[in-house]
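Report on one structure; see the data block that follows.
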Amino acid sequence: MPGLVRPFAVLALAALAGAPLAAQQPTPAPPAPVQAPAPAPALGTIVGFVFDSTIMRPLAVATIQLVQRSDVTHGKSFSAISDSSGFFRMKDVPPGEYIATFYHGRLDELGLEGPIRGVTVTAGRNDVELGIPGARRVIGLHCGPRPRGDSSGVLLGALVQADKPEAVPNATVTAQWFELSFGARGMTRSTPTVRATTDANGRFAFCGLPGVAVFTIWATAGRATTGSVSVTVPPLGVASASLAIDLADTMPRIDSVGAPARRGSARVSGVVRRPSGSPLAGARVGIRGTTAETVSDERGVYSLVDLPAGTQTLEARAIGFTPISRTITLSARRPLSFDVRFDSAAHVLETVEVTGKPVVDRATQEFNTAKKRGFGYFIDRERIEEQNAFVASDILRMAPGVTVTQSGYPGGGSSISMRGVGSISGRCEPGIVIDGMPVTGQSSDLDILARPDDIAGIAVYRGPGETPVEYQNLSPCGVIQIWTRRGNTPRGSSRK
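Here numbering that gives the first Met the number 0 is used: the first residue of the sequence shown is 0, the next is one more, and so on.
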């Protein structure tokens, strides 16, 4: 038995001493060292700015795109939207060579493609500037070199369909403006008209327009037409306009009195508000060039139906506020919600107590003198304000013997006709006299030549028996005489 104990004792001592039990086994190899991952390349940030040099303003809500130069179709790309100040930012852009461009509706209006610029991105901040070229370059692209001393302006635009983004080629765009000229026969008022045809992309251009003028423009394609909108063209500058037309919904239709009326299936509604934002009741809201008109209710709500689709001008007027007009795009498929907010209250001077002899302005004095003669029908300033008319021809609707017919076409104005007392020639257009000056042209020009806010008084002379002798050669059906408050010196304003 003692012989059996010794081997176990030896093993126990060996274990306590840490001696290896199998010294003859090979030692395992040490583990391979772990390699640290390569550091990620530093990324870049693009800080950019988009500017429209034609109007010298930042370009807001532009879509900026950045793509790899090596693979513009499938390569890595980035995008951003410019803010109200024209700034945009792109983060985490790997260093490399890229191409940058931007898109904006203003490019379509000016007939331009998005400019392309190469950009080398490095780690950290990268500044990029994008923009629309200046007016002189844009004018040169569309109208050729400008002659020395030329101060004319250019109007550019595009015409698309109202309910889908498709260009309308071969359409006619008309521009019209009011012009005064002085010659041997004195002052002549006229309304020059020019036309342009849209190209395959729906774009149009008017070159050589007089600067600092307000133009009324509209488009026609077949029997379809847009409404008329107002555009101001600066001298030596570029103005733009986007027009939309519904080829199936803007056909003039015949109304109950046989005159063409622009109607359709579009609708617009909203709330009329004061400058403070509170609702305004009793405001008149209408669509220019149509018979559509309504009055806002006690909550300021208005609604217009059966309107022609496409680009239209919404007009609003209320006592105590400056009249406003807004360009809107109507759809035959979707009603439009559009709130109207007056920009400012009409300026009213504080009451001042004056002691002395009353003084009447020349226009009112001439009007009152003519009225006392007892010949004709007279509309004074008080009645004009009560009617709160959109255009001058609306005021004449109250005059006996006068018929005002809406042309049914944008820019056409309202046609005025009279059947003069004692006239054997039937109904015809009356002569128009403004501030003592006979107006050459048609009666439909009246709405361009005189605004309701400027008119001090109106006299309607029905036929030769009522017309002052100095105006009897203007028309056998009579004369409409207007005195304005513009400070002109009226002539020939009373019967002799």
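All residues carry an ideal CB built from backbone N, CA and C; glycine is no exception.
8 Å Cβ shell around residue i - same chain, five flanking residues per side excluded
i, result
"G123", "A41, G43, T44"
"G210", "S150, S151, G152, V232, P233, P234, L235, G236"
"T483", "A362, I433, D434, A449, D453, I454, A455"
"T100", "I63, Q64, G113, P114, I115, R116, L129"
"A331", "A161, D162, D245, A247, D248, G263, S264, A265, A308"
"F366", "F377, D379, A455, G456, A458, W482, S492"
"L12", "Because the pLDDT at L12 is just 38, under 50, the model does not fix this residue reliably, and the value given afterwards should be weighed accordingly. There are no such residues."
"R396", "V403"
"P191", "Q175, W176, E178"
C-beta contact flag for residue i and residue j at 8 Å
i, j, result
"S239", "L155", "yes"
"V153", "I131", "no"
"S275", "V284", "no"
"N200", "R316", "no"
"F337", "L313", "yes"
"I481", "I447", "no"
"S241", "E108", "yes"
"V478", "Y470", "yes"
"I216", "G309", "no"
"T197", "P168", "yes"
"E297", "A280", "yes"
"E68", "E96", "The sequence shown places Arg at residue 68, not Glu. Their beta carbons are under 8 Å apart, which means R68 touches E96 by this criterion."
"V213", "R194", "no"
"G299", "P278", "yes"
Under the three-state DSSP convention, the category residue i falls into
i, result
"E414", "Here the sequence assigns Ser to residue 414, which means Glu is not the residue at that position. Strand."
"D496", "What the structure shows of the chain is the stretch from 0 to 495, and residue 496 is not part of that stretch, so it cannot be assessed."
"E428", "coil"
"G477", "coil"
"E384", "helix"
"E178", "strand"
"L246", "coil"
"T231", "strand"
"T402", "strand"
"A362", "helix"
"E314", "strand"
"R222", "coil"
"A391", "helix"
"P369", "Inspection of the sequence shows that residue 369 is occupied by Ala rather than by Pro. Helix."
"P437", "strand"
"D453", "helix"
"D296", "coil"
"D305", "strand"
"V459", "strand"
"D379", "strand"
"S330", "coil"
"V468", "helix"
"S343", "coil"
"R396", "helix"
Close Cβ partners of residue i (< 6 Å) along its chain, the five nearest in sequence each way excluded
i, result
"Q311", "G226, I286, I327, L329"
"E128", "F48"
"Y102", "T62, G113"
"F87", "G47, I63, A79, S81"
"C427", "C476"
"R340", "R272"
"D379", "G456"
"S324", "T312, E314"
For residue i, the nearest candidate out of the options (CA to CA)
i, options, result
"V232", "A280, V270, A174", "A174"
"R135", "T53, D107, G210, I394", "T53"
"R202", "M55, S151, S416, G110", "G110"
"R266", "D245, W217, R333", "R333"
"T290", "T196, R56, G263", "G263"
"T219", "V159, W176, L335, A282", "V159"
"D51", "R105, P27, Q67, P29", "R105"
"A391", "R372, F374, S443", "S443"
"A282", "S414, V304, I318", "I318"
"E465", "L445, I415, R372", "R372"
"W176", "V270, V230, S414", "V230"
"A59", "S302, L335, D393, S84", "S84"
"E381", "I394, A369, F374", "I394"
"R145", "G207, A166, I98", "G207"
"V304", "K370, P437, L335", "L335"
"E384", "P451, V71, P94, G462", "P451"
"S343", "G462, A157, F320", "F320"
Nonlocal neighbours in the same chain, by C-beta distance under 7 Å from residue i, ignoring five residues either side
i, result
"F77", "L65, M89, V92"
"P399", "Y376"
Within-8 Å CB hit, residue i to chain D
i, result
"I54", "You won't find chain D in this structure, because it holds only one protein chain."
Can you list the beta strand (DSSP E) stretches of 3 or more residues lying completely in the stretch 95 to 141, in chain order? 95 to 102, 116 to 120, 123 to 131
Tell me the start and end of each unbroken beta strand (DSSP E) in the stretch 30 to 96 that is at least 3 residues and wholly inside, in chain order. 43 to 51, 62 to 67, 76 to 80, 86 to 92
3 or more residues per run - each beta strand (DSSP E) lying fully within the stretch 263 to 291: 265 to 272, 283 to 286
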